[in-house]
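Participant:
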Amino acid sequence: MFQLLPGTGVLLPHRAGTLRFGMSEHTARWALSTICYIRTQSVCGAAWAFSGDYLGLTIDVLGAPEGNHAQRLGYVELGRSPCDSSGEEPQGPALVPVLHEGIDLFGRPRHDVASHLPSDSRVNHGLGRTGGYIQSIGLRSPYWAIPYGSETVEE
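Counted from 1, the sequence shown has number 587 at position 123 by the numbering used here; the numbering is strictly sequential.
The structure is reproduced here in structure tokens:
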């Protein structure tokens with residue numbers, strides 16, 4: 465299970481530790497590599513970026529850009545992979561829980577969890593079909609924000 469810790473980061477499953485805002489790239493890579501294979505990415509505006517997959521979830525980790533907190537963990541996003549190659553949004557719960565205050569955000573339909581979303585999160589609600597599930601949720605460091613794209617909304 466993953467646990468969102470707004471203002472702090474994301475607690476990883478299997479005692480892998482916490483992706484804690486402000487930690488170094490090396491420390492964040494080590495923590496995530498204990499549960500999955502790491503892929504390096506390039507993300508505009510981020511000092512560094514990498515991702516991994518764990519039981520149908522993609523974990524994206526970004527370093528803050530230049531400034532007071534340069535080179536430190538600034539953003540973590542957990543996203544659901546489409547259940548098949550058609551790209552359709554999943555119509556069922558994720559295999560692994562993503563908890564915030566005891567509520568599995570990927571385990572219940574999006575209309576059931578809307579009031580439980582962290583206030584400092586970036587949320588992709590998916591395609592908007594009735595009964596659908598949240599597609600991704602990201603937490604940003606208190607020191608750095610990611611601009612919102614056209615498919616994401618702030619709750």
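Backbone N, C-alpha and C define an ideal beta-carbon position, used for all residues, glycine too. Being a predicted model, the structure only gives us computed values, none of them experimental.
Between the alpha carbons of Pro668 and Tyr539, how many angstroms are there, rounded?
Facilitator: Absent from the structure is residue 668, since the part of the chain shown begins at 465 and ends at 619.
Participant: Grab me the residues of Asp568's own chain with a C-beta within less than 6 angstroms of its C-beta, minus the 5 sequence neighbours each way, in chain order.
Facilitator: Cβ within range, chain order: Pro561.
Participant: Which of helix, strand or coil does DSSP assign to Asp517?
Facilitator: DSSP places Asp517 in strand when its eight states are reduced to three.
Participant: Label Gly473 either buried or exposed according to how many other C-beta atoms from any shown protein chain fall within 10 Å of its C-beta, with 16 as the threshold for buried.
Facilitator: Buried, by the Cβ-count rule.
Participant: Closest by CA to Ile523, which one among Cys508, Gln535, Thr504 and Arg536?
Facilitator: The shortest Cα separation from Ile523 among Cys508, Gln535, Thr504 and Arg536 belongs to Thr504.
Participant: If you reduce the DSSP assignment to three classes, tell me which class Ser600 lands in.
Facilitator: Ser600: strand per DSSP, three-state reduction.
Participant: Check His564 in the structure and name its three-state DSSP category.
Facilitator: DSSP places His564 in strand when its eight states are reduced to three.
Participant: Between which two residues does the beta strand (DSSP E) holding Val474 run?
Facilitator: Looking at the DSSP string, the run of the beta strand (DSSP E) that includes Val474 is Gly473 to Leu475.
Participant: Could you have a look at Thr498 and say whether DSSP puts it in helix, strand or coil?
Facilitator: If DSSP states are grouped into helix, strand and coil, Thr498 belongs with coil.
Participant: Can you look up Ser585 in the DSSP assignment and give me helix, strand or coil?
Facilitator: Ser585 falls in the strand class under three-state DSSP.
Participant: Can you name the residues that DSSP bridges to Leu526?
Facilitator: Beta-bridge pairing links Leu526 to Ala513 and Tyr539.
Participant: Run through the DSSP bridge pairs and tell me what Ser488 is partnered with.
Facilitator: Beta-bridge pairing links Ser488 to Arg536.
Participant: Please classify Arg503: does DSSP put it in a helix, a strand, or coil?
Facilitator: Of the three classes helix, strand and coil, the one that applies to Arg503 here is strand, per DSSP.
Participant: Residues in its own chain within less than 7 angstroms of Pro611 by CB, not counting five upstream and five downstream?
Facilitator: The predicted model places Pro611 with a pLDDT of 49, which falls under 50 and marks its position as unreliable; any figure quoted below should be read in that light. Result list for Pro611: empty, nothing under 7 angstroms.
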